[in-house]
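If you read the sequences in order, they're chains R and G.
For the first sequence, the working numbering gives the first residue as 1, with consecutive numbering after it.
For the second sequence, the working numbering gives the first residue as 1001, with consecutive numbering after it.
Structure first, commentary second.
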Amino acid sequence: MSVEATSTRSRSDARPRRPLPRIDPRYVPLAATISLFLAMAAAGSVLYDGFFAPQVFLNLLIDNAFLCIVAVGMTFVILTGGIDLSVGAVLALTTMISAQLVERNGVSPWLVMPLVLAIGALFGAAQGYLVQRFRLQPFIVTLAGMFLARGLCYLISTESISITHPVYSAIAQARVRLGGNASLSVSAVIALAVVLCGMWLAHATRFGRTVYAIGGGEASAQLMGLPVGATVIRVYMLSGFCSALGGVVMTFYMLSGYSLHALGLELDAIAAVVIGGTLLTGGFGYVIGTLFGVLILGIIQTLIVFDGTLSSWWTRIAVGVLLFAFCLLQRLFEARRS
Amino acid sequence: MRGERTEREPGQRARWSAQPLFWPAVTLAALLAISALVNPSFLRLEWVDGHLQGSLIDVVNRAAPLMLVSVGMTLVIAIRGLDISVGAVLAISAAVAAVLIGGSLDAGTAVQTSRFPMSVAIAGALGVAMLCGLWNGLLVVKTGMQPIVATLILMVAGRGIAQLITDGRIVTLYYSPYFYIGNGFLLGLPFAFCCAALVALAVHVALTRTALGLFIRSIGSNPVAARVAGVRAPLITVALYVFSALTAGVAGLIISSNVKSADGNNAGLFMELDAILAVALGGTPLTGGRFSLAGTLIGALILQTLTSMIYASGVPPEVNMVVKAALVFAVMLLQSPEFRALVRRVAFRRDAESA
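If you want it as structure tokens, here you go:
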């Protein structure tokens, strides 16, 4: 039966059939990202002693939890064809507000956390409103948002405020045991939950389908009767919320609020999304790809640390090279599609 | 120096306000007036040691790098491009110049010799900057990437490259002839400002005396039509990215000479944002096609005047970022047709209600 089917495939077009040995072209960028990650992990394991340990890989997630959370929000923005440059600044502002309220004003952390998340979401929604209502370029709006958020940080304090509240240090030290000596931090668990929620939102909800439709073509999405305006605002709101959540996670990680936290995070987040296979023109990409993008950025740093002879700035150069390679791949992919 | 812009006949107001340069000029004049009111010595110019001295001179001197970069940015934006790598290119150029000149302390006294002649160092720095621009331009033209993506690559990698060149250190310079670029005076004016003015003038001449200005406008307003009409868009696009990087390179020389060091991490940080802001403040739409060189220069001066005002007023300088953000929001909204329509609608409704 199967032999017959393969032999007649080339002649009969009546039943379109996916050629078996090739992967669906839609999964090519994702497959490239995942194979790159596996290749880097394999190379690291071969080259360096002690690299191939569960905790090394779990640390990728622990050390990059905030980047992962922010990048998931960024994925949605980029899927609509927009961009959010304010994420790093909103994250810093969140750490600043948290530190100020908890340490200097003595507000309960359980009140502060929902409050900062709401502030982040509101900040994002305001940017989305400007983008949507006044047809402003997302790039410029979020650039101004970035200035505003960093400026507000400085207004709170130019110095770093350390957080000593017991709730924060307890969460920072809590570990989820995974058998053996391996463990995950609370932040990493939150990051994984965000990735799962992101996948659900993108692939199983009406919101997600509208996001992809807007990225594919805003005018056609509008003509299809989809709620374009509301969705665009919600996407920026989601990104603002994720940035604030990244900020909360950052306060667990650094135990301080500082206006210079996450300087340049927006670039890392965009790089993670692009390396994860999401088209910067919008309409195509997977949230799970972003997770692997973040892991690749993390593994570059880990490789450089394990090597010991390479200096830290090689990270930036390596990320630039990867960005270049993946942008080229995207162009090839687009050219083949059209 | 720009005081004449405030003296305007009332009857000419309607005609003047239609000029694209009107609002940027009014903004600058207002800022200068406020500065002069708060600090009466702000507008005073003195002739000291063979050059002019005063707050105004300080403003134009400090604005020079931004003016240079913004001129390059204006042309790139005019062809619907964007160059967000200028800050990184600036850092690279400063790093190359610093390493080529070198500098060391010998028993506490500065060694006054440079590793290579200064002309070689300057040519090297500018050459590397132009290579960066060539890379950006070729990426945009050959691969068809969006300009923001193409230049993002260098923006991310550039600071790493700058640190690679300086070996991760902040290189301190001790070679005094090099300090002339950022601190010297030519004909009584800061050399850096003369440099920026000269570049702006050269660009102005090139745009008005040759067909280049026409080509740039045609590529920006309709790339397809421009190509069909025989404009060599790819060549011009690459050339403009190279020019943009070159201006960033010159700005890098000025900044490194001014602060007598090259810092791969912080030299020209946020310069791309300031340059885009200066271009937008000057009335150039970010959608391409139309541009105003003079507007951009005024935009850069507005930003620097604002910064100087904030520093002088005793408010924490960090407020600067909030003010800049407010400015961008205001300029963006004023440029948005939707916002103007909304304002008009609200205004009309008021009129209708009051009538």
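Beta carbons: idealized from backbone N, C-alpha and C, even for Gly.
Nothing here was measured: the structure is a model prediction, and the numbers come from that model.
| Query | Result |
| --- | --- |
| Please list the segments of the alpha helix (DSSP H) lying wholly inside the segment 52-77 of chain R, counting only runs of 4 or more residues, in order along the chain. | 54-63 |
| Contact criterion: CB-CB distance below 7 Å. Does LYS1142 (chain G) meet it with respect to chain R? | no |
| Taking the continuous beta strand (DSSP E) assigned at HIS1204 (chain G), which residues delimit it? | Element bounds for HIS1204 (chain G): not the beta strand (DSSP E) but the alpha helix (DSSP H), 1191-1209. |
| Do GLY285 (chain R) and LEU79 (chain R) count as a contact pair if the criterion is CB distance below 7 Å? | yes |
| Alpha carbons only, please: which of G:HIS1204, G:ASN1258, G:ASP1263 is nearest the one belonging to VAL1071 (chain G)? | G:HIS1204 |
| For ALA1239 (chain G) and LEU1246 (chain G), I'd like the C-alpha separation in whole angstroms. | 10 Å |
| In chain order, what residues of the same chain have a beta carbon less than 7 Å from the beta carbon of THR1074 (chain G), not counting five sequence neighbours either side? | VAL1279, THR1284, PHE1291, LEU1293, THR1296 |
| Between LYS1324 (chain G) and chain R, is the shortest Cβ-Cβ distance under 7 Å, so that the two count as touching? | yes |
| Return the chain-ordered list of same chain residues with a C-beta closer than 6 Å to the C-beta of CYS68 (chain R), the five sequence neighbours on each side being excluded. | ALA191, VAL294 |
| Residues bridged to ILE161 (chain R) by DSSP? | R:GLY257 |
| Between LEU255 (chain R) and ILE163 (chain R), which are expected to be in contact by the criterion C-beta below 8 Å, what is the C-beta distance as a whole number of angstroms? | 5 Å |
| Tell me whether ARG1290 (chain G) sits in a helix, a strand or coil according to DSSP, three-state version. | coil |
| Apply the 10 Å Cβ neighbour rule to TRP1135 (chain G) and answer buried if 16 or more other Cβ atoms are within range, or exposed otherwise. | buried |
| Tell me, please, which residues DSSP counts as bridged to THR1172 (chain G). | G:SER1261 |
| What does the alpha-carbon distance come out to for the pair VAL3 (chain R) and ALA31 (chain R)? | Note that VAL3 (chain R) scores 45 on pLDDT, short of 50, meaning its location in the model is unreliable and no value can be drawn from it. |
| Would the segment 186-205 of chain R count as touching the segment 144-156 of chain R if we require 3 or more Cβ pairs under 8 Å? | no |
| LEU1090 (chain G) and GLY1252 (chain G) - do their beta-carbons sit closer together than 7 Å? | yes |
| Give the straight-line distance between the Cα atoms of THR94 (chain R) and PRO138 (chain R), rounded to the nearest whole angstrom. | 21 Å |
| Can a CB atom of chain R be found closer than 7 Å to the CB of GLY1295 (chain G)? | no |
| Have a look at the DSSP bridge pairing and note the partners of GLN1053 (chain G). | G:GLU1046 |
| Checking contacts by CB at 7 Å: is MET1321 (chain G) closer than that to chain R? | yes |
| Quick check on PHE284 (chain R): does DSSP put it in helix, strand or coil? | coil |
| By a C-beta neighbour count over all protein chains shown, 10 Å radius and 16 as the cutoff for buried, is LEU323 (chain R) buried or exposed? | buried |
| So that I know if they touch, is there some Cβ in chain G lying closer than 7 Å to that of TRP293 (chain R)? | Trp is not the amino acid found at residue 293 (chain R); the sequence shown has Gly there. Taking Cβ atoms only, chain G never reaches closer than 7 Å to GLY293 (chain R), which makes this a no. |
| Check the C-beta distance from HIS261 (chain R) over to ALA92 (chain R) and give it rounded, since I have them as a contact under 8 Å. | 4 Å |
| Looking at the C-beta of THR205 (chain R), does it have a partner C-beta in chain G at a distance below 7 Å? | no |
| Please determine, among R:ALA269, R:VAL167, R:CYS153, R:LEU223, the residue with the shortest C-alpha to C-alpha distance to PHE76 (chain R). | R:ALA269 |
| Does DSSP put LEU1152 (chain G) in a helix, a strand or coil? | helix |
| Note down, in chain order, each residue of its chain lying with its Cβ closer than 7 Å to the Cβ of LEU1269 (chain G), except the 5 sequence neighbours on either side. | GLY1087 |
| Would DSSP call LEU1186 (chain G) helix, strand or coil? | strand |
| Can you say whether LYS1142 (chain G) is buried or exposed, counting buried as having 16 or more other CB atoms within 10 angstroms of its CB? | exposed |
| Do LEU1139 (chain G) and TRP1129 (chain G) count as a contact pair if the criterion is CB distance below 7 Å? | One point to set straight first is that residue 1129 (chain G) is Ala, not Trp, in the sequence displayed. No, they are not a contact pair. |
| State buried or exposed for THR1208 (chain G), treating a residue as buried only when at least 16 other CB atoms are found within 10 Å of its CB. | exposed |
| Assuming LEU1281 (chain G) is part of the beta strand (DSSP E), what are its boundary residues? | Where LEU1281 (chain G) is concerned, there is no enclosing beta strand (DSSP E), although the alpha helix (DSSP H) it sits in stretches over 1271-1281. |
| To the nearest angstrom, how far is the alpha carbon of GLY106 (chain R) from that of LEU117 (chain R)? | 18 Å |
| Heavy atom of the ligand GTP less than 6 Å from the Cβ of VAL1140 (chain G), yes or no? | Ligands in the displayed structure: none, and consequently the ligand GTP is not present. |
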